[in-house]
Structures are given as structure tokens and as C-alpha cells.
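As you go down the protein sequences, you meet chains P and L in turn.
The opening position of the first sequence corresponds to residue 197 in the numbering used here, with each subsequent residue numbered one higher.
The opening position of the second sequence corresponds to residue 197 in the numbering used here, with each subsequent residue numbered one higher.
Remarks on the structure that follows.
2 protein chains.
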Amino acid sequence: MTTIALDCMGGDHGPQEAVAGAAALSIERPDLHTILVGDAAQIGPLLDSMTYDPARLSVRHTPHFVGPEDVPREALAAHPDVSIAEACELVAEGRASAVVTAGSTGAAILAAARRLGRIPGVRRAALAAVTPTEQRHGPHGDPFALLLDVGATLNVSSRDLVTFAIMGSAYAAAISGNDRPRVALLSNGTESHKGPPEVVAAHAVLAELGEIEFAGNVEGLDIPRGSVDVVVTGGFIGNVVLKMLEGIGEVIADLASDAYARKFLWRLGLTMLSSGIKQIEAVMDWESYGGAPILGFCQPVIKAHGRSRSGAIANACKVAAKAARSDMVRTVERAVARLPVPEEEEVGS
Amino acid sequence: MTTIALDCMGGDHGPQEAVAGAAALSIERPDLHTILVGDAAQIGPLLDSMTYDPARLSVRHTPHFVGPEDVPREALAAHPDVSIAEACELVAEGRASAVVTAGSTGAAILAAARRLGRIPGVRRAALAAVTPTEQRHGPHGDPFALLLDVGATLNVSSRDLVTFAIMGSAYAAAISGNDRPRVALLSNGTESHKGPPEVVAAHAVLAELGEIEFAGNVEGLDIPRGSVDVVVTGGFIGNVVLKMLEGIGEVIADLASDAYARKFLWRLGLTMLSSGIKQIEAVMDWESYGGAPILGFCQPVIKAHGRSRSGAIANACKVAAKAARSDMVRTVERAVARLPVPEEEEVGS
């Protein structure tokens, strides 16, 4: 039995979708238990209206949560028992193995840093996301790669990039079933001397490390191509890249939105074009994934999209359970322990 | 009469395409004169095989040039008279008004910095490129926006971002005929406090400046949408973004490369899809543009793609002439003079 602490508050649709996802999961997956963290006055009536297995669901009540308009630091200071903090506390107490939230990423990072603590040797958290790729990855032929960091740590040191590479490798291995994911640094050229100083320095460390399958530098071209399984960069660039891909997905969807055109494409068996568009749309659809991991903490924390519906929440809980059952955190700990002692580095926020 | 100094060496196709482009231009455009800079032993026989107007073409001989495999700094040190340096020298001497090259970007920046000098108050050069957009821009409805820097200055200060915004605005106005291009900073959120410190500081200065049409921050989403005319960022991110767009263009071209599918799309009048793909391909096709300006120097320097054929070289010369005839450099000088006195800033390479 694996227990998930699910922050039910803070998503765009309120507790409704989170509770519905957990209710469905309680029936579908007898190996999981979900603790619903949030306002019992709202969660109770929602549960009353749903079918669920009461042996696999419980509630941790707290009336406070971090809403979409709140500044995370202020909200956590005002109410130390906000739902995301309580979810992390359940894991810290050993009563759950992983946290899932559709609420504020910033609040999740703050709460996890305070209650769960970082993996020894990891100084910054990284948010990872999947990006659509032309090439397939891993034993299941997934049409996407992992990109991190996409916004948790805006300015990174070389040490941060190295730990992100290690964490991305461990997470991809745990979730995709690909034992040795190929990991690369994003730069402005493939040569080892290309890029800003932190990228050049991280390249030198990773080339010697041997703990992960380091494929050197990749360029912007390689993101849509999908030359590697895991692409590592700082949070500012990662955020720009991820949102650009979302924007491109929207533009392509606009181009393809004419129902007449779509229908004809299918009828004519122009499957290459149709399936290309379909694939891009599917990959852009967060619902199918089950969330983005916030890596760097001693237990898994999965951020589901704010717009998540019940199915996406249930998927996020499944991914969280998979991560909790893997030896991901220990793999990261082992690799980080082998890193050279860090020199003093110039690091931003 | 506007005279262009054309570095004929260093492009992927050697002097053949540059000389052919200039020869065609000498007949097409009586208002332009081109000085072919490079090895006269190669240029002479090429001219002999072509039709051209000898009144509008001349040659500046130098046997040395920076090849694609050379390290620019070393090549310039070994032979101070490499062709790109001689082209810049012609402009410095007042014998030409703009430089065009299909050779190394790094060599062009170095040579221009030494021979032409930077616009007073501009500390770093920026390479600008066009990116395909869904929205149209300017009086001609161009389906692209300007992005800078795409690789000249990897690490930028807030002052650099501000000068890039001013230069991008002036160039877009000179070339597109759009008097008040909308200019934005690329960040990880639209709010003025979002982004790394240099972006936040640049935002504050631009919001007060009044010299350009500052539209605030845009996100990665806005690059394919094309919400603004000019997007400003540092060279590392700009390079990643530009190459990502190239990669996406290639992936889409792959999806659409089946001739059967293409033919049917056209026959069925599925123009939205077909024209969308065609538009992306057209925008990805550097030949149609005529090169990327290297901004920051006292005279225009236009970098044509290394793969440029004669048509692209001729276009680059036309763009260079347009820039040379505009008051772009004076506009930049005037705006930069109004900037607050820069504080000491922490700047990378």
C-alpha cells in the first residue's frame, strides 16, 4: 500500500476535481491510499455525492490554502497550516509517501523545502516537464522528452545544472522504464566549450561523472527533434522554452481547427499530417500526463496543472506512487555524493 | 548612390554565390554600388563568366579570409587584412556605407568592433533574426517579428537589454516601415517584477524611457503568436529560441513532406493547413530575408546565412542599403543618450 497526500485546494476548479479524482482512484487502484488534505466542510459533501472506497480515502482537515492570487511566502507565513504545508507534513510524519498538488508551484516548493527538506547535496529544486518530440523515447516509445528546470530556479550555478541532470535521469528512469536515459545540457552549440560559464563548467563535471548517460550539449533544434531523453537547463530558459511549445501547439491547433479540414484529412487517410497534429495536441494536453515533478526533495512532490480535471489528478497520484516506490531519491543521493566538492560559485536567486 | 562592402569569402559556397549576387544586383539596382572584398584571383575569373555592370562593381583584393573552421580571434590576429576586416575598413574610410558578409558572425563582430566602433553608449553588439508569427506586423503585414539578441552577447546586463530594445525598435522601423514597433522583454511572466534581476531592471528603465513603444514583458507563448513586433532577450536564450524554431520548422516539413499528402491538400483547397505549412517553411527559409543585422555599430553590418545563395546575398545588400539610408544609427544614439547613467553592473562575457 502506498499513501499519497493530495492537496485538494488551490487548483483552478477548487476541491471538486481533486476529490473526484481520488474517489475514482480508490476504486481503480486497491494498492493506493489517498489522504485528502483541505477543508473538510467542502470535501465531506463532495464525497457524499460520489462513489468511492472508504477504506482507501481519508481526510486531513485544514481550512486554509494558498489560492491562485496569493503570494506563496505571505500565505504560508499567515497560515502555517495551509493545505500544501499539511500535505508535506503528512509525508514528513511518515504517514504518506508522496505529495500531489494542483495549487501554486511556488507554495509547493516553499512548503516542501520546509517540511520535507532537500536531498543532501541538492541546493535548488527543479520543476520538470515533458515536451513533444519527433523521435520516440524509452521502451514504450514515448513521443516526448523531459525538460528541467522549467521555472523553479531562475538563475542556476553549474552545480545546480549537474544536480538537475542527475535528478532528471533518475526520474526518467523511474517513470519511463528507461534504465539509462540520455541526458544533455541545453547550450548554443554542441562543443563542450560552448555556452555561458555555468554550462561549460557543468559539462566538464558531467563528462567525468559516469553515473548518468551524459550525451553532451544539445541545441534548441534538438528539443523538437528529441535527440535525447532529458534536456537540462536553468529555470528561466526552461520556462521560455516550455511556454513557446505551448504557444506553437496553440498556433497549430488554430491552423487545424477547421472541422471541415480535419474531417477530410481523416477520410483521406492523410494520417501523417493528421496524426502529427493530433500528436502535438495530445502532448500539449496536460491532462494525459499526470503532472510535473518538483525534484530535489527527500520524497516525491508532483505538481498537477492548475487546470487539471479529475482524470489528471488521478494520473498525478499514480505517477507519485510510482516515483515513491522507485529508488529515485536514493539514486540521486548516491550520484550527488560522488560529485567533486563544490567551489564557491556566483549564484543568483 | 549607396555603396556596400561585400565580404565575398567565408560563406559555405565560397565566393561564387556572393559574386553572382553582386553581379545581378549591379544590373537590377542602378542606385547601388558593391565593392567585392576578397581574393581577386578567384573573383576575377568568376566575374568574367557573368553578366554585370562594371560601373557598379569594384574589387578590393585581399588573399586572406576567416574560414568556417577558423577561430575568429586567431584568424584576425594572424592576418589583420582578412576580407571581413577589409570590408569594415572600407566603411571606416567612408568608401562604403554598410558591410554584408556570409562568413563567421564572430569574426564580423570582432572586425566591426575594431574598425567601425560601437554607437556611443552601446556596450555590446546584438544579432537580430526574424521569427515566424501567427499575427501579422507592420504596414506590409509581415508574418514575422524581430528577435534579438540571438547569439552575439551570451550574458547580458540590464543596460544591454535596454540598448537592444532601442536598437531593435530602430532597425524594425527602418526596415519594415513600421514607425512605432511594439517592443517587449522576454520573461517568465508578464508582470514587471517577473524574471531574473537584469530583466526586472531593464523593464523599469524601458517603462520610463518613452523613446520606444515598450509593451512590457512577453512570455514564450508570445513568440509564435507574435503579440509584439520586437522581442528582446539575451544571446543565450535567443539562440536557443531561434534554433528551436528552426527545429520545429524541420519537424513540420518532415510531417508534410509526403508529396501525395501535399498534392491532396492543395487539390482539396485545404488552404488553411497548406498555407500554414507553406508559411512556416517560407519564414524558415533564410533565402527570402536577406540576412540578420548585427546591431550596435556606427554603420550597418548585415550577416547573411552561411548557406546563402546569390539571391540571398543580393537581398542582404538591399537590406544593408536600406539600413544605411535610414536614420537608424542616429535614432539609437539619441535614445541611448537619454538613458540614466549606468550603475556598476555585474556582467558576464
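Glycine is no exception: its CB is placed at the ideal position from the N, C-alpha and C atoms.
Spatial neighbours of residue 522/L in its chain, beta-carbon cut-off 7 Å, leaving aside the 5 residues before and after: 370
Rounded Cβ spacing between residue 322/P and residue 492/P (contact assumed at less than 8 Å): 6 Å
Other residues of its chain near residue 431/L: CB distance less than 6 Å, five sequence neighbours each side excluded: 345, 347, 348, 349, 350
Alpha-carbon spacing of residue 327/L relative to residue 353/P, whole angstroms: 30 Å
Three-state class that DSSP yields for residue 279/L in the structure shown: helix
Exposure label - residue 389/L; buried when at least 16 CB within 10 Å: exposed
Segment limits, alpha helix (DSSP H) that includes residue 222/P: 211 to 224
Spatial neighbours of residue 277/P in its chain, beta-carbon cut-off 8 Å, leaving aside the 5 residues before and after: 258, 260
Of the listed residues 384/L, 330/L, 356/L, nearest to residue 445/P (C-alpha basis): 330/L
Segment limits, alpha helix (DSSP H) that includes residue 338/L: Not the alpha helix (DSSP H): residue 338/L falls in the beta strand (DSSP E), residues 338 to 344.
Interface residues of the segment 437 to 448 of chain P facing chain L [CB-CB below 8 Å]: 437, 438, 439, 440, 441, 442, 443, 444, 446, 447, 448
For residue 491/L, the first and last residue of its enclosing alpha helix (DSSP H): Where residue 491/L is concerned, there is no enclosing alpha helix (DSSP H), although the beta strand (DSSP E) it sits in stretches over 488 to 491.
Extent of the continuous beta strand (DSSP E) to which residue 333/P belongs: 322 to 333
Residue 211/P, buried or exposed, once every other Cβ within 10 Å from all chains shown has been counted against 16: buried
Which of helix, strand or coil DSSP assigns to residue 410/P: strand
For residue 365/L, the first and last residue of its enclosing alpha helix (DSSP H): 354 to 372
Residues of the segment 487 to 508 of chain P with Cβ closer than 9 Å to any Cβ of chain L, in chain order: none
Backbone CA spacing between residue 489/P and residue 357/L [nearest angstrom]: 33 Å
Host alpha helix (DSSP H) of residue 390/L (start-end): Segment: none, residue 390/L is in no alpha helix (DSSP H) and carries neither H nor E.
Same chain, Cβ closer than 6 Å to residue 405/L, neighbours up to 5 away in sequence not counted: none
At least three beta-carbon pairs within less than 8 Å, the segment 297 to 308 of chain L to the segment 494 to 507 of chain L: yes
CB-CB length for residue 306/P against residue 269/P, believed under 8 Å: 6 Å
Enclosing alpha helix (DSSP H) for residue 256/L [first to last residue]: That residue, residue 256/L, is in no alpha helix (DSSP H); its beta strand (DSSP E) goes 253 to 257.
Stretch-stretch touch, CB-based, cutoff 8 Å, three pairs: the segment 389 to 403 of chain L with the segment 405 to 425 of chain P: no
Close Cβ partners of residue 398/L (< 7 Å) along its chain, the five nearest in sequence each way excluded: 354, 357, 358, 381
Chain-ordered neighbours of residue 347/P on chain L, where CB pairs are closer than 8 Å: 384
Residue of 429/P, 374/P, 417/P minimising C-alpha distance to residue 394/P: 429/P
Residue 378/L burial status per 10 Å Cβ neighbour count (16 or more: buried): buried
Minimum C-alpha distance to residue 248/L - residue among 266/L, 273/L, 236/L, 217/L: 217/L
Beta carbon of residue 528/P nearer than 8 Å to that of residue 362/P: yes
Residue environment, residue 536/P, which counts as buried when at least 16 other CB atoms sit within 10 Å: exposed
8 Å Cβ cutoff, residue 152/L in contact with chain P: Lying outside 197 to 545, the shown extent of chain L, residue 152/L is not represented and no answer is given.
6 Å Cβ shell around residue 465/P - same chain, five flanking residues per side excluded: Bear in mind that the predicted position of residue 465/P carries a pLDDT of just 46, short of 50, making it too unreliable to give a figure here.
Rounded separation between residue 533/P and residue 365/P - CA only: 16 Å
For residue 199/P, the nearest candidate out of 236/P, 256/P, 245/P (CA to CA): 256/P
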